[in-house]
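> Numbering of the sequence shown is given in the numbering used here, commencing with residue 149 and proceeding in unit increments. What follows is a structure written as structure tokens; I'll ask about it next.
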Amino acid sequence: MSIIIKNGRVITADEDYVADIFIEGETVSLIGKNLQVKADKTIDAAGKLVMPGGIDPHVHLDMPFMGTYSSDNYETGTGAALFGGTTMVIDFVLQTQGKSLYHALEAWQGRSNGNALCDYSFHMAVTDFNENTKSEISKMVNDEGITSFKTFMAYKGALMIDDRQMVGLMQEVMKQGGMVTVHATNGDVIDFLIAKHRAEGKLAPLYHYLSQPEITESEASGRFADMAHYTGVPAYIVHMTCEGAINQVRRAAQRNQKVFAETCTQYLLLDASLYEQNFEGAKWVMSPPLREKKDQAALWGAINQGTVQIVATDHCPFMWEQKQMGKDDFSKIPNGHPGIETRMELLFSEGVNKGKISLNKYVEVTSTNAAKVFGMFPKKGCIAVGSDADIIIFDPNEEHILSAKTHHMHVDYSAYEGWKVKGKTKTVLMRGQIAIENNALKIQRGYGKFVKRNKVNGII
Ligand code: URP
Ligand code: ZN
Ligand code: ZN
């Protein structure tokens, strides 16, 4: 199968030009002006943007969490990703404390194998670092192509590890050529504040927010950066939300350390005032919580300064009925919200169209940097000869309204219900196949493949 995309405005992380793109099989084979080649299919992209498919390196599909499962499975979640212009996701395998990493990996493989529509990979979340776990790190890196290891400094009693385990893990991951990533908030302080609020009968979603003040994130981000500096391991902080935490990354940079930083669409666009509306606020109960307007300004600034390299989603949806688990106690509301489908269009509409980021920066933070940081570049994250033909054709002018009535995520509310968005994903190519066209899915469950990633060294 061959496809030619004609006359599109090709945007990469560092280029902007009008050209034709010729695709043979799964990869791009030729890029140029007025290409005279025969193709099985021609797509006219005049007036459209042609960009690398999005890479969302932070999603939770079919994940057992807080007594339930996130409501998008591999088929619905990766399908929704494609509709929104994301062609690759990285999900988190969660080790069960007391069990091996392979035990968890097999469970995730059981749910994902043969079910995905877009390509995917795994981070391995280490929740119990001991001698057995240590011996599995090299197998993850060398045999499974899983080169990033997630840690939680919060969710005490479930996922959290202590600093002793953190440093041990960092040393081993460093030795094996991987990266340590972190949910950086101070689990002990959060635990204390949750208990305090519950004891005082303060049980509404607002107290989820008030149990995780900015200081819990800035302290843990700084502590993580310090431990990474000491061990030398490539380091990455997920879902950063606030000025204080970003300043810890800047502090690390001042001593010539590189700490990669990710934020998510919701932290750029939504704020904590959403928690002030009784139980409705549960829709946005996530960890860390939404913050203040001054934090949004800090995050946009950090993107433009290159301090934040990646905008992900932390997609972790729960049906409204699942959120009701916490109707009498905020600490029982499953943490997470839906975003996998809306990231690319929202960031374009609110970021590029409103003059907050450039088009090249948009491609960098939605695709290219994730491919580079996580060992997939240039197979993924760019439009270049030899790269996977994961390409989106995007209408920068089409306006539409976000709604749970029309989205494809398996969740019965939208975090952005009624938002007017300018810019729409029209056609999506997934490794050379048309995946989305005319608002319809064109590939079958199982087309999405697991991507083994390369070793990483913290240099992009
Ligand atoms: O609230 C969130 N973020 N849920 C998913 C788990 C995590 O911490 O990323
Ligand atoms: Zn987290
Ligand atoms: Zn997450």
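For each residue, glycine too, the CB sits at the ideal point set by N, CA and C.
Using three-state DSSP, classify residue 208 as helix, strand or coil.
Residue state, collapsed to three classes: coil.
> Measuring straight from C-alpha to C-alpha, what distance separates residue 350 and residue 311?
Cα-Cα distance, rounded: 31 Å.
> For residue 386, verify whether its CB is less than 8 Å away from any heavy atom of ligand 3.
Checking the Cβ of residue 386 against ligand 3 gives yes.
> Please report the residue range of the beta strand (DSSP E) in which residue 296 lies.
Segment 296-300, the beta strand (DSSP E) holding residue 296.
> So, helix, strand or coil for residue 583, using DSSP?
Note: residue 583 maps to strand in three-state DSSP.
> Does DSSP classify residue 503 as helix, strand or coil?
The answer is coil: DSSP assigns residue 503 none of H, G, I, E or B.
> Between which two residues does the alpha helix (DSSP H) harbouring residue 286 extend?
Start and end: 279-290.
> Counting Cβ pairs closer than 8 Å, one from the stretch 410-425 and one from the stretch 362-381, do we hit at least three?
No contact exists between the stretch 410-425 and the stretch 362-381.
> Work out the CA separation of residue 482 and residue 213 for me, nearest whole Å.
Rounded to whole angstroms, residue 213 to residue 482 spans 7 Å at the Cα level.
> Counting beta carbon pairs with one atom in the stretch 331-344 and one in the stretch 357-371, are three or more of them shorter than 8 Å?
Judged by Cβ distances under 8 Å, the stretch 357-371 makes contact with the stretch 331-344, as three or more pairs qualify.
> If distances are taken between C-alpha atoms only, which option among 385, 172, 195 comes closest to residue 185?
When each option's Cα is compared against that of residue 185, the closest is 172.
> Taking its Cβ as the centre, do 16 or more other Cβ atoms sit within 10 Å of residue 431, making it buried, or is it exposed?
When all chains shown are included, residue 431 counts as buried.
> Do residue 191 and residue 153 have their C-beta atoms closer together than 9 Å?
It is a contact, given that the beta carbons lie within the stated cut-off.
> Under the rule that 16 or more other beta-carbon atoms within 10 Å means buried, what is residue 402, buried or exposed?
Its Cβ having fewer than 16 others within 10 Å, residue 402 is exposed.
> Just mark residue 445 as buried or exposed, buried being the case when its beta carbon has 16 or more other beta carbons within 10 Å.
With fewer than 16 Cβ atoms within 10 Å of its Cβ, residue 445 is classed as exposed.
> May I ask you to verify whether the stretch 464-475 touches the stretch 549-564, counting CB pairs closer than 8 Å and requiring at least 3?
In short, these stretches touch, since the Cβ pair count reaches three.
> When the distance is taken between beta carbons, is residue 201 closer than 9 Å to residue 601?
It is not a contact, given that the beta carbons lie outside the stated cut-off.
> Indicate, with yes or no, if ligand 2 has a heavy atom lying under 8 Å from the CB of residue 359.
No - ligand 2 has no heavy atom lying nearer than 8 Å to the Cβ of residue 359.
> Within the 9 Å Cβ cut-off, does residue 263 reach chain C?
Absent here is chain C; the protein component of the structure consists of one chain.
> Take residue 451 as the anchor and find which of 438, 519, 529, 398 has the nearest alpha-carbon.
The residue with the shortest Cα to Cα distance from residue 451 is 398.
> Would residue 194 be called buried (16 or more neighbouring beta carbons within 10 Å of its own) or exposed?
Per the 10 Å Cβ criterion, exposed.
> Indicate whether the contact test is met: 3 or more Cβ pairs, each with one atom in the stretch 239-251 and one in the stretch 499-511, closer than 8 Å.
Touching, no, given that fewer than three Cβ pairs across the two stretches are closer than 8 Å.
> Residue 416 bridges to which residues according to DSSP?
Residue 416 is not bridged to any residue.
> CB-CB under 7 Å to residue 276, same chain, minus the five flanking residues each way: which ones, in chain order?
Closer than 7 Å at the Cβ level, and outside the excluded window around residue 276, lie 243, 245, 246.
> Between the Cα of residue 149 and the Cα atoms of 227, 176, 165, 554, which residue gives the shortest distance?
If we check each option's Cα against that of residue 149, 176 comes out closest.
> Helix or strand or just coil, what does DSSP make of residue 570?
DSSP places residue 570 in strand when its eight states are reduced to three.
> For residue 451, does the three-state DSSP call read helix, strand or coil?
Of the three classes helix, strand and coil, the one that applies to residue 451 here is helix, per DSSP.
> Which runs of the beta strand (DSSP E) spanning at least 3 residues fall entirely within the stretch 327-375, listed in chain order?
Entirely contained in the stretch 327-375, the beta strand (DSSP E) runs reaching 3 residues are, in chain order, 327-331.
> Classify residue 225 as buried or exposed, calling it buried when 16 or more other Cβ atoms lie within 10 Å of its own Cβ.
The residue is buried, with at least 16 neighbouring Cβ atoms inside 10 Å.
> Would you decide whether residue 239 is buried or exposed? Buried here means 16 or more other CB atoms lie within 10 Å of its CB.
When all chains shown are included, residue 239 counts as buried.
> Could you check if residue 283 is buried or exposed, using at least 16 other CB atoms within 10 Å of its CB as the buried criterion?
Classification for residue 283: exposed.
> Just verifying my parser: in three-state terms, what is the DSSP assignment at residue 248?
Of the three classes helix, strand and coil, the one that applies to residue 248 here is coil, per DSSP.
> What residue from 322, 477, 472, 542 has the CA that sits closest to residue 604's CA?
Selected option, being the one with the closest Cα: 322.
> Could you check how far apart the C-beta atoms of residue 540 and residue 573 are, in whole angstroms? I think they sit under 8 Å.
About 5 Å; that satisfies the 8 Å criterion.
> Determine, using beta carbons only, whether residue 516 and residue 530 come nearer to each other than 9 Å.
Yes, they are a contact pair.
> Let me know if residue 347 comes out buried or exposed under the rule of 16 or more other beta-carbons within 10 Å of its beta-carbon.
With fewer than 16 other Cβ atoms within 10 Å, it is exposed.
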